[in-house]
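Each remark here refers to the structure printed beneath this line.
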Amino acid sequence: MKRQHKTFTAPEVTVEFKFTDEQIMIRDTAEAFVSEVSTSAAVRSAMLEPAGYDKDLWRQISADMFWQALPIPEALGGLGLGYVELAATLEQTGRFLLCSPLMATAALAVPAIRLAASEEQQAHYLGRILEGQVATLAHVGIQTHGSHINMQAKITDQGVCLNGLSRHVLNGQSADFFIIAAEETFASGELGVSLWFVDSNTQDLSVKVLPTMDQTRRLAELQCDNLVLSPEQRLGGVAQCQAQLLSSILDLAAIAVSAEQVGGAQQSLDISVAYIKERVQFGRTIASYQAIKHKCADMMLKAESARSGLYYAACIADEFLAGVCDAETLAEAASISKAYSSEAFFFNAGCGIQLHGGVGITSEYDIQLYFKRAKALESFLGNASEHRERLAKQLLDSEVLL
Amino acid sequence: MKLRFSTSDEAFRVEVANWLRDNLCGEFESIRFRGGPGDEHSFVEERKAWERRLGEAGWTCIGWPRDWGGRAASIEQQVVFNEEYARAGGPGRIGHIGETLMGPTLIAYGSEAQKNKYLPSIRSGDAIWCQGYSEPSAGSDLANVKTKAVFDEQAQVWQITGQKVWTSLAHESQYCFVVARTDPQAKGHKGLGFFMLDMHQPGVTIRPIEQLTGTSEFNEVFFDSAVCSVEDIVGKPGEGWQVAMALLGFERGVSTLGQQMLFQNEFNDIVQLAKRNGADRDPMLRQRIAEAHIGLRIMRYNTLRVLSGSDEGELQAEGMIYKLYWSSWHRNLGKLAMDVMGSDSEILDAEPYELNRLQSMFLFTRADTIYGGTNQIQRNLIAERALGMPREPRGNN
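So this is what it looks like as structure tokens:
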């Protein structure tokens with residue numbers, strides 16, 4: 001007798017919390033491409049490049065694959081796709097540790113431009129990105145916890161000037177232009193946040209490379225000394241507080257980071273399982289031991305759950321960009337996804353080292369690269385406990401009882 | 001990919017919510033939020049009456065085909081129903097074994113006579129069923145069945161002898177489905193039969209098991225030459241394992257989102273309590289409350305992925321983690337509830353042993369990671385079936 005319970009209800013399924021055929025195609029294309037160009041040897045070679053990535057490969061990605069165009073509207077020359085498609089792609093770049101400025105450009109700069117810039121600015125700056133220029137966001141100062149800004153925009157005799165420091169700027173040393181967040185006192189007297197386009201070759205801007213433990217992605221420090229700004233450089237073009245928009249920009253970026261974390265969590269599991277199936281101890285493959293199997297089962301639970309949280313957050317990101325849901329809903333989804341996937345990736349990479357045994361702590365095996373990437377992405381754009389505290393504020397500090 | 005249910009499903013949601021608002025009141029007010037796991041012993045008569053009320057209005061067995069009194073409801077509609085039912089505080093469904101396990105099994109594998117005999121009373125909410133799978137020496141090793149079924153040639157009946165355990169609501173049930181060994185020479189999953197047994201007969205003894213909560217929803221059931229007619233075996237003698245496994249297959253995602261709404265209710269209680277007693281100012285508890293919230297939301301989206309079907313028809317890995325996920329999450333929620341209660345978690349509502357809802361939940365969540373396959377068994381299944389890891393060497397059966 002065969003199991004035939006499908007004949008029992010056989011109802012139509014219209015819950016569509018899965019990829020469409022087109023999204024599967026996008027993911028499969030990304031998987032095929034990245035697995036070919038971002039091999040272990042390629043990653044290790046790219047790590048040694050001054051920019052931290054292979055510039056020829058970036059040209060290929062930006063010109064042929066056109067991934068930076070995924071979240072850019074068609075009217076502006078982009079592909080007009082959404083966050084689900086971006087997540088599907090970044091899951092694969094994260095899975096194979098691709099070294100590239102894609103995250104900085106497509107997930108930090110593009111959302112900033114889409115949310116905060118004027119139409120003319122969007123056409124201009126997104127146009128530059130579509131041509132393959134690298135852009136990034138500088139939003140955090142010396143304090144790493146929270147979004148503490150150490151950059152000031154002040155009116156001086158020469159006009160508005162930027163002074164201060166931005167740290168942890170992703171791909172800062174190879175960016176063609178920056179979007180810099182600064183504190184500004186607005187005409188209303190309100191102290192808030194303004195955002196500025198600044199080209200990398202600008203006078204009075206110095207860029208310093210910060211050496212990183214995770215060599216697969218580069219961070220830089222920006223120093224501005226009386227950098228004179230023109231009104232056209234202000235995102236939105238009107239002097240207004242952009243603090244809420246910056247928060248949503250970072251939420252959209254955090255969801256993109258989650259996508260790379262999900263890919264990394266999955267691959268940490270996959271390469272570990274592949275290794276332990278080959279490894280023989282006491283006369284049998286160690287994959288047959290329950291202690292090993294149970295660790296792998298826990299890793300799979302983390303990877304799958306992080307993926308569910310990511311897809312949910314990616315859908316919310318699309319709804320937010322379409323004006324269907326508000327910033328608070330986006331913030332909640334981003335924090336859920338970033339908190340869970342941060343811990344899932346770190347857990348899986350850490351377990352992966354343990355499962356590899358002695359070779360797990362050698363540089364020869366790739367699991368250590370995942371471990372370092374996991375730690376780097378965990379602290380980038382808010383670690384799990386920061387995001388949980390943000391959720392706790394939503395849940396506990398409102399007057400409304402559930 | 002999208003997150004929302006369709007407009008017609010949302011209209012159905014309103015219909016369900018309205019009916020529950022108009023009916024789950026008055027004489028049924030007292031059973032709102034009662035009778036869930038750990039509380040199945042409570043308000044049994046009222047809950048039986050509630051089953052019949054549901055049956056009259058056509059709200060039992062909504063996923064069954066119309067021929068058998070169902071609504072042929074889609075999976076989405078069943079999910080929506082379960083969600084709204086839980087949101088409204090609908091009492092634990094005393095008829096769920098019949099509705100979700102026995103009924104679908106009969107519809108798929110039963111004879112016309114069996115369907116005619118058993119389905120209407122399940123549908124109307126009149127007949128309560130329990131399940132006779134687990135045995136004292138078996139645990140998660142379900143195939144280790146010692147209960148015997150011997151065919152009495154003279155009387156032309158099967159005689160069932162043996163013991164089952166962890167049988168929920170056996171003392172309230174009219175029928176039990178029993179997996180028993182028809183071939184004494186066979187081992188493991190071979191030579192078993194799947195019997196439908198009337199519990200109201202001399203050969204059946206039921207002994208409640210007192211649990212750590214002080215209550216008894218589980219029982220030991222003893223069969224001493226209990227009689228089952230030849231018409232009441234599903235499939236052929238020897239095919240019991242296949243029927244039993246198919247039956248377990250019916251226990252899939254449909255009710256899980258309803259279960260999560262129950263979890264949401266418990267979580268909301270904890271949040272409200274934290275706001276009232278000041279636990280919401282403890283940084284560690286804030287972290288844990290947020291973590292529980294994250295876990296619950298992700299559980300929902302795990303389930304929506306399962307319900308949506310896999311992308312390419314392969315094994316649904318996300319479906320395999322469900323039991324391990326929810327049971328671990330719920331156990332942590334139980335601990336969190338106690339820590340939010342603080343020192344008061346130790347104080348009972350009344351003597352001799354009256355637990356409040358959160359205390360009862362805390363204690364009973366220790367069962368969650370055991371029943372239905374322990375977390376250790378779940379991890380073995382995930383490793384072997386989803387990750388393709390080799391089996392641990394096993395015994396000789």
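First to last, the protein sequences are chains A and B.
Once you know that position 163 of the first sequence is 163 in full-length UniProt numbering, the rest is easy, because the numbers rise by one and skip nothing.
Once you know that position 306 of the second sequence is 306 in full-length UniProt numbering, the rest is easy, because the numbers rise by one and skip nothing.
C-beta: ideal position from N, C-alpha, C; glycine also.
Since this is a predicted model, take the numbers as computed values, not measurements.
From the DSSP output, which residues share a beta bridge with residue i?
i      : result
R167/A : V140/A
S38/A  : S38/A pairs with nothing; no bridge assigned.
K148/B : T161/B, R181/B
D176/A : Answer is none; D176/A lacks a bridge partner.
L229/A : V160/A
F195/B : V178/B, I233/B
S342/A : Paired residue(s): none; S342/A is not in a bridge.
Q223/A : L165/A, S206/A
W241/B : Looking at the DSSP assignment, W241/B forms no beta bridge with any residue, so it has no partner.
W196/A : I180/A, R234/A
N219/B : P208/B
Please determine whether the Cβ atom of residue i lies at a distance below 8 Å from any heavy atom of the ligand ATP.
i      : result
L205/A : You won't find the ligand ATP in this model; it holds no ligand whatsoever.
Buried or exposed for residue i, please, with buried defined as at least 16 other CB atoms from any protein chain shown within 10 angstroms of its CB.
i      : result
Q77/B  : buried
C296/A : buried
L395/A : buried
F195/B : buried
A57/B  : exposed
V221/B : buried
Q4/A   : Residue placement at Q4/A is flagged as unreliable, the pLDDT there being 38, under the threshold of 50; a coordinate-derived value is accordingly withheld.
L76/A  : buried
P136/B : exposed
M284/B : exposed
N18/B  : exposed
K187/B : exposed
G313/B : Interpretation of G313/B is limited by its pLDDT of 48, a score under 50 that renders its predicted location unreliable; no figure is taken from the coordinates.
L108/A : buried
M213/A : exposed
Leaving out the 5 sequence neighbours to the left and right, which residues in its chain are closer than 6 Å to residue i when beta-carbon positions are compared?
i             : result
F28/B         : W50
residue 399/B : Coverage of chain B is limited to positions 1 through 397, which leaves residue 399/B absent and any answer about it impossible.
S268/A        : N348, A349, G352, Y370
L235/A        : A116, A117, L195
A112/A        : L137, I179, I249
By Cβ distance below 8 Å, which residues in the same chain neighbour residue i in space, the five residues on each side in sequence not counted?
i      : result
A243/A : G192, V193
L229/A : A153, G159, V160, C161, L162, W196, V198
N23/B  : R53, A57
L355/B : T213, G214, L348, D349, L363
V34/A  : Q92, T93, R95, F96, L98
Taking the alpha helix (DSSP H) that residue i belongs to, which residues open and close that run?
i      : result
C61/B  : Counting along the chain, C61/B falls outside any alpha helix (DSSP H), and DSSP gives it neither H nor E.
C176/B : C176/B -> not in any alpha helix (DSSP H); beta strand (DSSP E) instead, spanning 175-181.
D39/B  : D39/B -> no alpha helix (DSSP H), and no H or E assigned at all.
K115/B : 112-123
D318/A : 290-321
W58/A  : 55-60
I249/A : 243-278
M338/B : 322-341
Y85/B  : 75-87
Terminal residues of the continuous beta strand (DSSP E) containing residue i?
i      : result
K154/A : 150-156
K164/B : 157-165
V271/B : No beta strand (DSSP E) contains V271/B, which is instead part of the alpha helix (DSSP H) from 256-277.
C130/B : 129-132
T205/B : 204-208
K2/B   : Careful: K2/B lies outside any beta strand (DSSP E) and carries neither H nor E.
Which residues in the same chain have their Cβ closer than 7 Å to the Cβ of residue i, if we skip the five residues on either side of it in sequence?
i             : result
residue 470/A : The requested residue 470/A does not occur in the structure, where chain A is confined to residues 1 to 402.
V13/A         : Its pLDDT being 46, under 50, V13/A is placed unreliably by the model, and the measurement read from it follows with that caveat. Nothing meets the Cβ criterion.
F364/B        : P37, G38, T213
E266/B        : L333, M361
H189/B        : A143, W241
G103/B        : C61, W64, L119, I122
Quick one: which chain C residues come within Cβ less than 8 Å of residue i?
i      : result
H294/A : No chain C appears in this structure, whose protein chains are A and B.
What residues in the region 303-320 of chain A have a beta carbon less than 7 Å from any beta carbon of chain B?
E304, S305, S308, G309, Y311, Y312, C315
Residues from the UniProt domain "Acyl-CoA oxidase/dehydrogenase middle" (130-224) of chain B in contact with chain A, defined by Cβ distance under 7 Å:
none
Using a Cβ-Cβ cut-off of less than 7 Å, give me the residues of the region 269-283 of chain B that come near chain A, in sequence order.
V271, Q272, A274, K275, D280
Proximal residues, the region 21-40 of chain B versus chain A, C-beta separation under 8 Å
none
Which residues, in order along the region 81-103 of chain A, keep a beta-carbon less than 7 Å from a beta-carbon of chain B?
V84
Residues from the region 336-349 of chain A in contact with chain B, defined by Cβ distance under 8 Å:
I336, A339, Y340
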